[in-house]
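Q: For the sequence shown, the working numbering gives the first residue as 254, with consecutive numbering after it. Ideal Cβ positions, reconstructed from N, Cα and C, are used throughout, including at glycine. Predicted model only: the values in this text are computed from it and were never measured. Starting off with a structure, shown below.
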Amino acid sequence: MRALLISDSLNLPKLLSPVSELKPSYVEAITNADSPVSVDRLLILKGDITNDCWVDVASERAKGFDLIALPASRDMREVAARIAARLGLPYVSGVTQVSIDDDIKASRLCFGGRGLELISVKLPSVLSFDLSAFEPSTGSPRSKEELGPRCDRRMRVLERRGKVAEVDLSKAETIVSVGRGLKRKEDLEIIRKLASLLGAEIACTRPISADLKWLPEERHVGMTGVRVRPRLYLALGISGQIQHVVGFRDAETVVSVNVDPEAPIGEVSDYFVIADLYEFVPKLIEALERK
Ligand SMILES: Cc1cc2nc3c(=O)[nH]c(=O)nc-3n(C[C@H](O)[C@H](O)[C@H](O)COP(=O)(O)OP(=O)(O)OC[C@H]3O[C@@H](n4cnc5c(N)ncnc54)[C@H](O)[C@@H]3O)c2cc1C
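Right, here's the structure in full:
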């Protein structure tokens, strides 16, 4: 099986992990800068590469390959779909696990993250991978070549402004997360005190950041926010809607506090405390301070 990887250089080592598990006989990668990956051939595209350009170059080279793999990032999902359409190949997006017998067996989340679906797809095919679950696979390419593709510039990025992030929740070991059970913005003070005693980062549900603007957007966990995998996720006053729950499904231990014994968060918690957070949090702070 011959595999062609198409990825920016940062995601390429992670993308190689699931593809290597399929034991391909030959692996070629097209990327935009040098990358420490053990592939048979690394092609580095020079210049500012637009999505149009990725599609042109990759579709041209893809002939003769069985598997065309890309990261399921926003731009690459688009590129993958366009390559598949141009070459008339099947396309499976957001793959989290993959194996091969005669066909490819790919798993991905469904029902907004509540379920997993297993898909069988014939080769040749295009797959985009959700890389959050994979570790980078590093090494050195057996051969390397630079290409200066001439691409038709139908689209240009006029401006790109970086956001200065105050935290990277995806790396936090302990997270105290708040939802609409918190009544006022000022009450975040007591949450900050608890987080500091636990050495935790503060996270929240989308209404707290996007609607109420009490915390920055980079702290909201879930489908449209950050995916976290802490050792402890303490959920305070959070109902447990699926769009939030998918964001912490890889947490080691989930403790939740809610006044409503029927709150759905109870179903996904290791410890479900039926209590008012305004009583629970001061008591927990007191106990931690005594220690
Ligand atoms: C397309 C789409 C994408 C979305 N993406 C996301 C996402 O990425 N992340 C996200 O978080 N949401 C997302 N949402 C919103 C999501 O559906 C929920 O509306 C949201 O997660 C609910 O937030 P909450 O739990 O804070 O609020 P609520 O659902 O209002 O729950 C508040 C909870 O607090 C409890 N409570 C109240 N008072 C107290 C108290 N004193 N002590 C203890 N408990 C108390 C209540 O019993 C209740 O269970 C998305 C929605 C849509 C439509």
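Could you tell me the alpha carbon to alpha carbon distance between Val-280 and Val-292, rounded to whole angstroms?
A: 5 angstroms
Q: Thinking just about the alpha-carbon of each residue, which of Phe-533, Ser-262, Pro-460 is nearest to the one in Thr-487?
A: According to the sequence as given, residue 487 is Leu; it is not Thr. Per the Cα distances, Phe-533.
Q: Would you list, in sequence order, the uninterrupted alpha helix (DSSP H) runs of no fewer than 4 residues that lie entirely inside the region 266 to 328?
A: 304 to 314
Q: Exposed or buried, Leu-422, counting other C-beta atoms within 10 Å across all chains shown (16 or more means buried)?
A: Counting Cβ neighbours within 10 Å, Leu-422 comes out buried, since at least 16 surround it.
Q: Residues in the same chain with beta-carbon distance under 6 angstroms from Gly-365, minus the five sequence neighbours each way, listed in chain order, please.
A: Cβ within range, chain order: Ile-495.
Q: Which word fits Arg-543, buried or exposed, when buried means at least 16 other C-beta atoms lie within 10 angstroms of its C-beta?
A: exposed
Q: Starting from Ile-428, follow its DSSP beta bridges and name the residues at the other end.
A: Residue pairing for Ile-428: DSSP places it in a beta bridge opposite Glu-454, Tyr-486.
Q: Give the secondary structure of Val-374 by DSSP, where H, G and I count as helix, E and B as strand, and everything else as coil.
A: strand
Q: If we count Cβ pairs, one from each stretch, closer than 8 angstroms, do we get three or more for the region 489 to 508 versus the region 453 to 468?
A: Output reads yes: the region 453 to 468 touches the region 489 to 508.
Q: Taking the C-alpha atoms as reference points, what is the distance between Ser-393 and Leu-298?
A: 18 angstroms
Q: Any contact between the region 498 to 506 and the region 476 to 485? By contact I mean 3 or more CB pairs, one from each, below 8 angstroms.
A: Flag = yes, the region 498 to 506 and the region 476 to 485 touch.
Q: Out of curiosity, what's the CA-to-CA distance linking Ile-372 and Lys-267?
A: 22 angstroms
Q: Ignore the nearest five residues each way along the sequence and tell me which others in Met-254's own chain have a CB closer than 8 angstroms to its CB.
A: Leu-275, Lys-276, Pro-277, Ser-278, Asp-319, Leu-320, Ile-353, Leu-376
Q: Is DSSP giving Val-545 helix, strand or coil here?
A: Here the chain has residues from 254 to 544 only, and residue 545 is not among them.
Q: Which of the three DSSP states, helix, strand or coil, is assigned to Gln-350?
A: strand
Q: Could you check if Arg-459 belongs to the surroundings of ligand 1, using beta carbon to heavy atom distance under 6 angstroms?
A: Yes, Cβ of Arg-459 sits closer than 6 angstroms to a heavy atom of ligand 1.
Q: Indicate, with yes or no, if ligand 2 has a heavy atom lying under 6 angstroms from the CB of Thr-477.
A: Of the ligands one can find in the structure shown, namely ligand 1, none is ligand 2.
Q: DSSP three-state call for Phe-387: helix, strand or coil?
A: Residue state, collapsed to three classes: coil.
Q: Is there contact between the region 509 to 516 and the region 380 to 396, where contact requires at least three CB pairs shorter than 8 angstroms?
A: no
Q: Please report the Cβ distance between Arg-339 and Val-374, rounded to the nearest whole angstrom; I am assuming they are in contact, meaning their Cβ atoms lie under 8 angstroms.
A: Wrong, their Cβ atoms sit about 18 angstroms apart, outside the cutoff.
Q: Compare the Cα-Cα distances from Pro-535 to each of Asp-523, Pro-517, Ala-463, Glu-442 and report the closest residue.
A: Glu-442
Q: Return the chain-ordered list of same chain residues with a C-beta closer than 7 angstroms to the C-beta of Val-310, the five sequence neighbours on each side being excluded.
A: Ile-283, Leu-298, Pro-402
Q: Shorter than 6 angstroms, the distance from the beta carbon of Ser-522 to the closest heavy atom of ligand 1, or not?
A: No, the Cβ of Ser-522 stays beyond 6 angstroms of every heavy atom of ligand 1.
Q: Alpha carbon to alpha carbon, what distance is there between Ala-359 and Val-345?
A: 8 angstroms
Q: Taking DSSP as the reference, what is the three-state secondary structure of Val-534?
A: For Val-534, the three-state secondary structure derived from DSSP is helix.
Q: Spatial neighbours of Ile-527 within its chain, please: C-beta separation below 6 angstroms, excluding the five flanking residues on both sides.
A: Pro-514
Q: Count the C-beta pairs between the region 416 to 436 and the region 469 to 479 that are closer than 8 angstroms, then say yes if the count reaches three, no if not.
A: yes
Q: Rounded to whole angstroms, what is the Cα-Cα separation between Leu-541 and Leu-369?
A: 39 angstroms
Q: Can you tell me the Cβ-Cβ gap for Lys-446 and Trp-467, rounded? I've got them flagged as a contact below 8 angstroms.
A: Their Cβ separation, rounded to whole angstroms, is 16 angstroms, which puts Lys-446 and Trp-467 out of contact at 8 angstroms.
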